[in-house]
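**Student:** This is the structure I have questions about; it appears just below.
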Amino acid sequence: MPSNELLHALDHVDDAARTVSIEPAPATSCAAQRAAVLLETTIHAPAGAVWDAISTFQQLNRWFGRVLPSERTADGYVIPGSAWGAVLARIPEQHLRMSWNFDDRTSIVDLDLTPPFDDSHGRGACDLSLSHSSELSDEDWQSFGVIGVGVAWDLTLLRLKQYLQQGIVEIEKGAFSRPAESVRAELDAWTQSREAHEFMRSCAARWATATLTAGTPAPVVDAQLRGCEEALFGHLEDPAGS
Numbered sequence: 045m046p047s048n049e050l051l052h053a054l055d056h057v058d059d060a061a062r063t064v065s066i067e068p069a070p071a072t073s074c075a076a077q078r079a080a081v082l083l084e085t086t087i088h089a090p091a092g093a094v095w096d097a098i099s100t101f102q103q104l105n106r107w108f109g110r111v112l113p114s115e116r117t118a119d120g121y122v123i124p125g126s127a128w129g130a131v132l133a134r135i136p137e138q139h140l141r142m143s144w145n146f147d148d149r150t151s152i153v154d155l156d157l158t159p160p161f162d163d164s165h166g167r168g169a170c171d172l173s174l175s176h177s178s179e180l181s182d183e184d185w186q187s188f189g190v191i192g193v194g195v196a197w198d199l200t201l202l203r204l205k206q207y208l209q210q211g212i213v214e215i216e217k218g219a220f221s222r223p224a225e226s227v228r229a230e231l232d233a234w235t236q237s238r239e240a241h242e243f244m245r246s247c248a249a250r251w252a253t254a255t256l257t258a259g260t261p262a263p264v265v266d267a268q269l270r271g272c273e274e275a276l277f278g279h280l281e282d283p284a285g286s
């Protein structure tokens with residue numbers, strides 16, 4: 045996909061507000077910390093379109109990745125080779141809560157949409173907030189914290205914006221005009237670009253600042269940022285030529 049068909053990612057680093065909250069894990073838990081990331085941004089697309097994109101398997105499979113209904117859990121989903129969980133609460137065009145299981149750990153993800161409004165271009169728009177709350181062992185907290193989680197959701201919401209705002213949703217007479225695999229492949233290819241890596245690094249720095257603001261000592265935050273960058277980019281070649 046030509047780059048001018050996608051949003052300029054670096055222009056959107058500062059379009060989001062990022063907050064980290066930290067508290068001790070409950071005494072009944074073997075984790076050391078309970079931490080949450082909160083990501084807030086504006087989506088320049090009608091609330092109904094945003095809701096469909098984040099809540100239906102047909103749409104998720106077009107931009108997010110392969111997401112399948114669970115055969116074991118009511119209202120459940122499976123991301124093959126990755127996470128699984130179930131929808132815990134749903135208010136159409138307003139609120140979606142789901143469990144998120146990854147690597148034998150369970151966390152909670154909440155997505156909230158504000159009432160729709162018209163943006164400066166006269167198009168439908170809405171504010172979207174995403175919260176991901178999880179419990180972390182002391183080792184994981186010292187090594188990575190929640191910086192990587194925040195970056196992953198930054199990238200996810202940017203893909204959502206690219207999908208909705210730049211015409212990647214191609215509907216003709218009520219039907220999609222391109223196969224889901226084609227749309228996903230183009231978005232996936234972009235995530236390997238130099239711009240995408242710069243976007244993720246910039247977001248990681250901002251999540252580090254948010255973690256510091258939440259009261260985490262600077263040496264711990266520095267270690268978390270190094271661990272996150274190694275996990276995200278340590279296996280990648282420099283994409284300067286991409």
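Each residue of the sequence shown is one higher than the one before, counting from 45 in our numbering.
Yeah, the Cβ is synthetic: ideal placement off N, Cα and C, and Gly gets one too.
A quick note: this is a predicted structure, and the numbers were derived from the prediction, not measured.
1) Which runs of the alpha helix (DSSP H), 4 residues or longer, sit entirely within the region 123-180?
2) Among all the DSSP beta bridges, which residues are the ones paired with ILE98?
3) So, at 8 Å on beta carbons, what are the nonlocal neighbours of LEU199 in its own chain, with the 5 sequence-adjacent residues on each side left out?
4) Identify whether VAL64 lies in helix, strand or coil by the three-state DSSP scheme.
5) Can you tell me where the alpha helix (DSSP H) holding THR255 begins and where it ends?
6) With a Cβ-Cβ cutoff of 8 Å, do PRO90 and PHE101 count as a contact?
7) Go ahead and pull the three-state DSSP assignment for PRO283.
8) Give the DSSP bridge partners of ARG78, in chain order.
9) Apply the 10 Å Cβ neighbour rule to THR255 and answer buried if 16 or more other Cβ atoms are within range, or exposed otherwise.
10) For a test of the three-state rule: what should DSSP assign to GLU273, helix, strand or coil?
11) By Cβ distance below 6 Å, which residues in the same chain neighbour PRO41 in space, the five residues on each side in sequence not counted?
12) Quick one: residues in its chain with C-beta nearer than 6 Å to the C-beta of VAL195, no 5 flanking neighbours on either side, listed in chain order?
13) In this structure, how does DSSP classify PRO37 when only helix, strand and coil are distinguished?
14) I want to know whether the region 55-71 touches the region 91-111 - three or more CB-CB distances under 8 Å.
15) State the CB to CB distance for the pair TRP42 and ALA76, rounded to an integer number of angstroms; the pair is presumed to be in contact (CB under 8 Å).
16) Here's the rule: buried if 16 or more other CB atoms are within 10 angstroms of the residue's CB, otherwise exposed. What is LEU132?
17) Considering just the uninterrupted stretch of the alpha helix (DSSP H) at ALA196, what are its terminal residues?
**Tutor:** With the given structure in hand:
1) none
2) Here residue 98 refers to the residue found at position 54 when the sequence shown is read from its first residue. Answer is none; ILE98 lacks a bridge partner.
3) Against the sequence shown, residue 199 aligns to sequence position 155. These residues qualify, in order along the chain: THR235, ALA240, PHE243, MET244 and CYS247.
4) Within the sequence shown, residue 64 is the residue found at index 20, counting from 1. Note: VAL64 maps to strand in three-state DSSP.
5) The residue you call residue 255 lines up with position 211 of the sequence shown. Unbroken alpha helix (DSSP H) run through THR255: 238-257.
6) Here residue 90 is taken as the residue at index 46 of the sequence shown, counted from 1. Here residue 101 is taken as the residue at index 57 of the sequence shown, counted from 1. No; because the gap between Cβ atoms is not below 8 Å, this pair is not in contact.
7) For the purposes of this step, residue 283 is identified with residue 239 of the sequence shown, where counting begins at 1. For PRO283, the predicted model reports a pLDDT of 45, less than 50, meaning its position is unreliable; a value from the coordinates is still stated below. Helix, per DSSP.
8) On the sequence shown, residue 78 is found 34 positions in, with the first residue counted as 1. Answer is GLU67 and GLU179, bridged to ARG78.
9) Locating residue 255 in the sequence shown gives position 211, counting from the first residue. Label assigned to THR255: buried.
10) To locate residue 273, count along the sequence shown from 1; it is residue 229. Here GLU273 sits in helix by DSSP.
11) There is no way to answer for residue 41, as the model of the chain reaches only from 45 to 286.
12) Reading the sequence shown from its first residue, position 151 is the one you call residue 195. Once the five neighbours on either side are set aside, the close Cβ partners of VAL195 are MET244, CYS247 and ALA248.
13) This structure does not reach residue 37, given that the chain is present from 45 up to 286, and the question cannot be answered.
14) no
15) Because the chain is modelled from 45 through 286, residue 42 falls outside the range shown and cannot be assessed.
16) Here the question's residue 132 lines up with position 88 in the sequence shown. Exposed.
17) Stepping through the sequence shown from its first residue, residue 196 is reached at position 152. First-last of the alpha helix (DSSP H) with ALA196: 191-209.
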